[in-house]
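Chemist: What follows is a structure written as structure tokens; I'll ask about it next.
2 protein chains.
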Amino acid sequence: MPPGQHMTAEEFRRHGRAVVDWIADYLERVDDLPVLAQVEPGEVRAQLPVHPPEDAEPFDEILADVDRVIVPGLTHWQSPSFFAYFPANTSGPSILGELLSAGLGVQGMLWATSPACTELETLVLDWMIELLALPDRFRSDGAGGGVLQDSASSATLCALLAARERVTGGSGDLPAAQLVVYATAEAHSSVEKAARIAGLGSAAVHLIPVDDNHAMRPEALDAALAEDVGAGRTPCLVVATVGTTGSNAVDPVAAIAEITARHGAWLHVDAAMSGIAALCEELRWLHDGLDRADSYCVNPHKWMLTNFDCDCFYVADREPLVRALSVLPEYLRNVASDSGAVLDYRDWQVPLGRRFRALKLWFVIRHYGGSGLRRHVREHVALAQELVDWVRADRDWELAAPAPLNLVCLRHRDGDGVTQQVLERLNASGAAYLTHTRLQGRYVLRVAIGGATTRREHVQRLWHLLRDTADAVSAESDR
Amino acid sequence: MPPGQHMTAEEFRRHGRAVVDWIADYLERVDDLPVLAQVEPGEVRAQLPVHPPEDAEPFDEILADVDRVIVPGLTHWQSPSFFAYFPANTSGPSILGELLSAGLGVQGMLWATSPACTELETLVLDWMIELLALPDRFRSDGAGGGVLQDSASSATLCALLAARERVTGGSGDLPAAQLVVYATAEAHSSVEKAARIAGLGSAAVHLIPVDDNHAMRPEALDAALAEDVGAGRTPCLVVATVGTTGSNAVDPVAAIAEITARHGAWLHVDAAMSGIAALCEELRWLHDGLDRADSYCVNPHKWMLTNFDCDCFYVADREPLVRALSVLPEYLRNVASDSGAVLDYRDWQVPLGRRFRALKLWFVIRHYGGSGLRRHVREHVALAQELVDWVRADRDWELAAPAPLNLVCLRHRDGDGVTQQVLERLNASGAAYLTHTRLQGRYVLRVAIGGATTRREHVQRLWHLLRDTADAVSAESDR
């Protein structure tokens, strides 16, 4: 077959096997690669042709360039020594679910555009309710329901749009400037981003003070709501975070729900980072009070072995969400939608088009089963708790926040300078990758333990590296 | 290995090959499947377990359920007889690029989170500028630049957010109700959706009348802008469409650009449906005047053999876009971002996280080369023009709109009732799948020709089916 044509079926089989083998090899050797990419800005691009090719190129050469140029420019999120940002673990069944979705190439924007795409999505979202013991009000057989979003940022935005719709009755009469959103300074940056996108502006986000554990103080929320109502402003959305990105703080949802309901605002619970912990019965205290929330999100693409993007977003009442986002042009009209007997997920999200994302989540749940998923979470939590014990017993390091789950925040007792230098040297070495935050003004290292192949040996090695690096830093500054 | 564990490398190779082979088989047999899913609401879900599995299940059983339950519930967008909505063609290199992206499992939210992910994206977006002969002002080495969005809906929203930022100077002082967005009634529904999301409301979208070809009338735009300015409203965004979804109408961008600039509004050109045609020199008239646009989008996931999601979004000045969307929490701070030497694409989009989408586009461009991509577009346009000739020569059917590219709109001369019945019967038969629109109040069939494997025989068969079905409908109504 001449170049520039479609791959034949036989070529696809051959190249497909090569890519599958490449991935298997990659995941086996990723532990040996520097975790943080060791490149300077512009270095990757400089190795690639400036102009697009006029003629077709052999697939083998493309794959060779992945090895030659791309891999050295990657930070390896699947490395067992990746402890940065958030767990972003993936797995064989998830990768193959994504592959199948790409191969089918169907659109799930309407039920009618591919019924199985919508119905499987509704099913796995109801399954997730059972697996995490979420409130029944989020089930699709009542007034609520779940949908897969690309990310928790989009879920937060959708929660705000639904809240705005409910509080304003859909009218544009109420100036956006009078609507208020509440969260702590530890809540995810997507809360402010959503407020800006929705036209409320950053100033509409009122930051509620936190307690010593970096969790929202409910009485401060109550006071802020009362003050705003007194000043003629309208409480629109309260975001409670179950496991903040910075330190895994858990806002007290039950108390927050009671206060939010009293003021008629919408309560969104953002459990993107940590809600997967509720697979395990002993960790379900995380969700106390969730039965009064209006919406909720959790990310299988963070801690449930599913590759990005896969955020589960639930609403207790889908009506304001759909009303906020539904625009029906003639070319999308169809009998099934008109009948009202089906869900059209395009009305539950910002984009119109949607991939068949439910496949990968279905593959993951079936491959592991509830028991396999729980074992995996328990292992990470146990590793984190072991690290907590080591830090507690150490004279040079200290915990910077409670570590209820799989994120450990720590700092060196000699101060921010040493802590920051340890981070920078360790990351530059490529041996492991951590990121930082600030808590109460202090520079803090974050160790997020959730890699699919992270084992005790990796956490132990990290701990030794932290201590050795700190010793080296201190020795130099003593000179 | 006990069930519920991770796949071993050997298991991944074995199951991965099975999925690759499954896809190769599927794409070979998809021509024989009913194009439109032949299921009733609830039918797919009813065949699957109500509760999630507690124990792990063998991968082979999962794949068997794909055949048993999922495939019969799909509408087959990759069928060569799929002529509905828009072309959504995919290809071998694209599928394998998506697979590789899933296998790598990296995040491209910041340059620092995986430099190659950002740098390859910037490169392929600059490549697309060359391939489509887009204005240099969209190149990343100046003040502008491109980014991959999930969809044109998100691109439209980002264009509106950047426009709002520029026109208001970022302040929330100007009530959103005074900002106006302009487009025709034929523009994509995402324009109204974006206005609602951004808090401007549906009423902020002023619909500009169209000419007989369903394209925007520039003098009407000029009048609308003048009227709004006179009434104290602020023109914010004008959306010109290059290839409307309904009928492939092409708004006159050059005239629109001149008028828009005069009023200080932002011009976004939405070429999601048809911009890929500009691969071919003889079709580049589509983009006349684009050198004065502030932003532009085109979808490789529609007509350039790249699976959803892959929308190329460009801005002439990235500063207002980034200013509108940038929120920087401490845990995302890093040396590279602080240096200003890199692009952080999280600030160019609604979500924070992002997949390595550039891989699949890079694979597609290299596999086909510029010459292969052009041949593919020319083939679809030639097939559509052949269908146009057949319709013109027919005494029962007529064209409902000009067909400059690969979308043919037609209707039966006996009226809307017959046209609609033909559509419904044909779709129900599973032999082909078409969707409809309304133009000037009349019911119209749309034939979008862009399947990766759609050949002359498929279009010819469709044309015979349309005529035969119409004859059957007419014969019954005569009885």
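Chains A and B are the protein sequences, given in the same order.
Oh and the first sequence: position 416 is 416 in the numbering used here, straight run, nothing missing.
Here the numbering used here runs 1000 ahead of the position in the second sequence, where the first position is 1.
The beta-carbon is built from N, C-alpha and C at its ideal position, and this holds for glycine as well.
For residue 1248/B, which residues in chain A fall below 7 Å Cβ to Cβ?
Modeler: None at all; the shortest Cβ gap to chain A is about 12 Å.
Chemist: Along the chain, where does the alpha helix (DSSP H) containing residue 1280/B start, and where does it finish?
Modeler: That residue, residue 1280/B, is in no alpha helix (DSSP H); it is neither H nor E in DSSP.
Chemist: Exposed or buried, residue 456/A, counting other C-beta atoms within 10 Å across all chains shown (16 or more means buried)?
Modeler: exposed
Chemist: Under 7 Å between beta-carbons, which chain C residues line up against residue 307/A? List them in chain order, please.
Modeler: The chain inventory of the structure shown lacks chain C, comprising the protein chains A and B.
Chemist: Should residue 1294/B go down as buried or exposed, given a rule of 16 or more other Cβ atoms within 10 Å for buried?
Modeler: With a 10 Å radius around the Cβ and a threshold of 16 neighbouring Cβ atoms, residue 1294/B comes out buried.
Chemist: Return the CA-CA distance between residue 1001/B and residue 1128/B, expressed in angstroms with no decimal places.
Modeler: Confidence at residue 1001/B is low in this model, with a pLDDT of 45, below 50, so its placement is unreliable and no value can be given for it.
Chemist: Which chain B residues sit within Cβ distance under 8 Å of residue 313/A?
Modeler: The premise fails here: residue 313/A is roughly 12 Å from chain B at the closest Cβ pair, so nothing lies under 8 Å.
Chemist: Give the range of the alpha helix (DSSP H) segment to which residue 1026/B is assigned.
Modeler: Here the alpha helix (DSSP H) through residue 1026/B covers 1009-1029.
Chemist: Note down the Cα distance separating residue 1009/B from residue 1437/B, rounded to an integer number of angstroms.
Modeler: Straight-line Cα distance between these residues: approximately 50 Å.
Chemist: If we cut at 8 Å on Cβ distances, does residue 442/A have a partner in chain B?
Modeler: no
Chemist: Roughly how many angstroms separate the alpha carbons of residue 968/B and residue 1284/B, rounded to a whole number?
Modeler: In the structure as shown, chain B begins at 1001 and stops at 1479. Residue 968/B is therefore absent and cannot be evaluated.
Chemist: Whole angstroms are fine: how far does the CA of residue 1044/B sit from the CA of residue 374/A?
Modeler: 28 Å
Chemist: For chain A, find out if any of its Cβ atoms is closer than 8 Å to the Cβ of residue 1006/B; answer yes or no.
Modeler: yes
Chemist: Taking Cβ-Cβ distances shorter than 7 Å, what residues in chain B pair up with residue 154/A?
Modeler: What residue 154/A touches in chain B: 1350, 1351.
Chemist: Taking DSSP as the reference, what is the three-state secondary structure of residue 34/A?
Modeler: coil
Chemist: From the DSSP secondary-structure annotation, give me the bridge partner or partners of residue 66/A.
Modeler: For residue 66/A, which the question treats as bridged, DSSP gives no partner whatsoever.
Chemist: Run through the segment 1278-1348 of chain B for me and flag every whole alpha helix (DSSP H) of 4 or more residues, listed as ranges in chain order.
Modeler: You should have 1300-1303, 1318-1325, 1335-1339.
Chemist: Below 8 Å on the Cβ atoms is my guess for residue 1216/B versus residue 1256/B; work out the distance and round it to an integer in Å.
Modeler: 6 Å
Chemist: Which residues in chain B sit within 8 Å of residue 522/A, going by Cβ to Cβ distance?
Modeler: Here chain A has residues from 1 to 479 only, and residue 522/A is not among them.
Chemist: Comparing C-alpha positions only, which one of 249/A, 198/A, 152/A, 314/A sits nearest to residue 209/A?
Modeler: The shortest C-alpha separation from residue 209/A is found at 249/A.
Chemist: Within 8 Å (strictly less), CB to CB, does residue 1255/B reach chain A?
Modeler: Closer than 8 Å: no.
Chemist: Considering only C-alpha positions, which residue in the set 1212/B, 1214/B, 1213/B, 1235/B is nearest to residue 1222/B?
Modeler: 1235/B
Chemist: Express the C-alpha separation of residue 243/A and residue 83/A in angstroms, rounding to a whole number.
Modeler: If you take the alpha carbons of residue 83/A and residue 243/A, they lie about 16 Å apart.
Chemist: For the alpha helix (DSSP H) containing residue 1191/B, name the first residue and the last one.
Modeler: 1190-1197
Chemist: Going by other Cβ atoms of all chains shown within 10 Å of its Cβ, with 16 needed for buried, is residue 307/A buried or exposed?
Modeler: buried
Chemist: Report yes or no: is there a C-beta of chain B within less than 8 Å of the C-beta of residue 327/A?
Modeler: yes
Chemist: For residue 26/A, return the contacting residues in chain B, with the cut-off set at a CB-CB distance below 8 Å.
Modeler: 1103, 1104
Chemist: Do we get a CB-CB distance below 8 Å when we pair residue 1/A with the residues of chain B?
Modeler: Reliability fails at residue 1/A, whose pLDDT of 45 lies under 50, so the model's placement of it is uncertain and the value that follows must be treated cautiously. Residue 1/A does not count as touching chain B.
Chemist: Would the segment 1346-1362 of chain B count as touching the segment 1136-1152 of chain B if we require 3 or more Cβ pairs under 8 Å?
Modeler: yes
Chemist: Using only the alpha-carbon positions, how far apart do residue 1382/B and residue 55/A sit?
Modeler: Rounded to the nearest angstrom, the two C-alpha atoms are 22 Å apart.
Chemist: Between which two residues does the alpha helix (DSSP H) carrying residue 1072/B extend?
Modeler: Premise fails: residue 1072/B is in no alpha helix (DSSP H) and is neither H nor E.
Chemist: What residues in the segment 1113-1142 of chain B bring their beta carbon closer than 9 Å to a beta carbon of chain A?
Modeler: 1113, 1114, 1115, 1116, 1117, 1118, 1119, 1120, 1122, 1123, 1124, 1126, 1127, 1128, 1130, 1131
Chemist: Ignore the nearest five residues each way along the sequence and tell me which others in residue 1160/B's own chain have a CB closer than 6 Å to its CB.
Modeler: 1194, 1198, 1237
Chemist: Is the Cβ of residue 1386/B closer than 8 Å to any Cβ of chain A?
Modeler: no
Chemist: In terms of DSSP beta bridges, what is residue 240/A paired with?
Modeler: 269/A
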